[in-house]
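Single-structure report; data block below.
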Amino acid sequence: MNKDSETRYGTVTRLFHWGMAFLIGWQLLKVFDRIDDGEHWVGQTLVPWHVSIGSLLLLLVLLRIGWAMNQKHNRPAQDPAVAFLVKAGHGLLYAAMLLMPVTGILTMLGNGYGWKVFGIQLAAKGDEIPWMASLGSLHSPIAWTLLVLIVGHIGMALLHHFARKDDVLQRML
Ligand code: HEM
Ligand code: HEM
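The structure is reproduced here in structure tokens:
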């Protein structure tokens, strides 16, 4: 039940999937900082958790990659006609989920802001480190790419469920 099978994703995969989807959705609210410099309810209540939740997501994605590798041969089969595309799409989602926290941390360290996670100071404020800051500047373009990937991903899931009426969404629920 905890493990995946040929017919559906198990509890661990589903917890990773929906828990991380929720947290990534929360992280994407950071774009609201573009409105009135974040001087509104979303900016003052939800967005201040950005660095802490983003850092937690780094740990979660590493565990999830380990779990996915462990369950590789156990998972539901993809339609052979599009299996390559599905693999590529999920691979890009994984790459973006990994690169987002990495570039976020590089932004903080590279600009000398320090790195504080749920009240614990992991790195003190310090000097700027230009190479880290320039790699960190990829954070925003990758965030927008991730958003596009997620919209496509959700679109495909809904297409399967409502148009093709197969069990693709069901096996992740
Ligand atoms: C999966 C994890 C993450 C997601 C999905 C995410 C998403 C975002 C988004 C959507 C923006 C706004 C971009 C824009 O307005 O163009 C942003 C900005 C920012 N994020 Fe993250 N983030 C994540 C992790 C982190 C982490 C771990 C840190 C720091 C340790 C961080 C630090 C920042 C900073 C400093 C900004 C503002 C500067 C900038 O846009 O480069 N983020 N993030
Ligand atoms: C932040 C948002 C999301 C991300 C990053 C994401 C990522 C992923 C990834 C990487 C997989 C491959 C399986 C795995 O390794 O876990 C997957 C599978 C799946 N996701 Fe998402 N997902 C997100 C949101 C959603 C939403 C909102 C839905 C439903 C509307 C959804 C429906 C599915 C389905 C049905 C599968 C199984 C696909 C299959 O086996 O062919 N996902 N997702």
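The opening residue of the sequence shown carries number 1 in UniProt numbering; numbering runs sequentially from there. We put the CB at the ideal spot given by N, CA and C, even for glycine.
Which residue wins for smallest C-alpha separation from residue i, given the options the options?
i, options, result
"Gln71", "Ala88, Thr11, Gly19 and Leu98", "Thr11"
"Thr69", "Tyr94, Thr103, Lys116 and Leu106", "Correcting the residue identity first, residue 69 is Met in this sequence and not Thr. Nearest option by C-alpha distance: Tyr94."
"Gly110", "Ile35, Leu158, Trp49 and Met132", "Met132"
"Gly152", "Ala88, Asp167, Gly112 and Thr107", "Ala88"
"Trp115", "Gly54, Ala143 and Asp37", "Gly54"
"Ser134", "Met156, Ala124, Leu159 and Thr107", "Thr107"
"Ile120", "Trp67, Asp36, Leu56 and Arg64", "Leu56"
"Tyr113", "Leu92, His161 and Gly136", "Gly136"
Would you decide whether residue i is buried or exposed? Buried here means 16 or more other CB atoms lie within 10 Å of its CB.
i, result
"Asp127", "exposed"
"Met100", "buried"
"Leu122", "exposed"
"Gly19", "exposed"
"Ile24", "buried"
"Leu173", "exposed"
"Leu62", "exposed"
"Gly104", "buried"
"Ala143", "buried"
"Gln27", "buried"
"Gly155", "exposed"
"Arg164", "exposed"
"Arg64", "buried"
Identify, in the order they occur along the chain, each residue of the same chain with its Cβ nearer than 6 angstroms to the Cβ of residue i, setting aside the five sequence neighbours on each side.
i, result
"Arg8", "Arg171"
"Val42", "Leu29 and Phe32"
"Gly13", "Looking at the sequence itself, residue 13 is Thr, so the reference to Gly does not match. Here the set comprises Asp4."
"Ala124", "Gly114"
What residues in its chain sit with their C-beta under 7 angstroms from that of residue i, if we drop five residues either side in the sequence?
i, result
"Ser5", "Asn74"
"Leu146", "Ala96 and Met100"
"Ser52", "Val117 and Phe118"
"Asp36", "none"
Leaving out five residues on either side along the sequence, give the residues of the same chain with a beta carbon under 8 angstroms from the beta carbon of residue i.
i, result
"Ser140", "none"
"Ala102", "With the sequence shown as reference, residue 102 is identified as Val, and Ala is not the correct amino acid for it. Excluding positions up to five away in sequence, the list reads Leu58."
"Gly38", "Phe32, Gln44 and Val47"
"His17", "Tyr9 and Met172"
With 8 angstroms set as the bound, which would you pick, yes or no: does the beta-carbon of residue i sit closer than that to a beta-carbon of chain D?
i, result
"Leu169", "Absent here is chain D; the protein component of the structure consists of one chain."
Item checked: Length-filtered (4 minimum) alpha helix (DSSP H) runs lying within the region 15-103 -> 41-45 and 50-70
Next item on the list: Give, in chain order, every unbroken run of the beta strand (DSSP E) that is at least 3 residues long and sits entirely within the region 91-164.
Entry: 115-117 and 120-123
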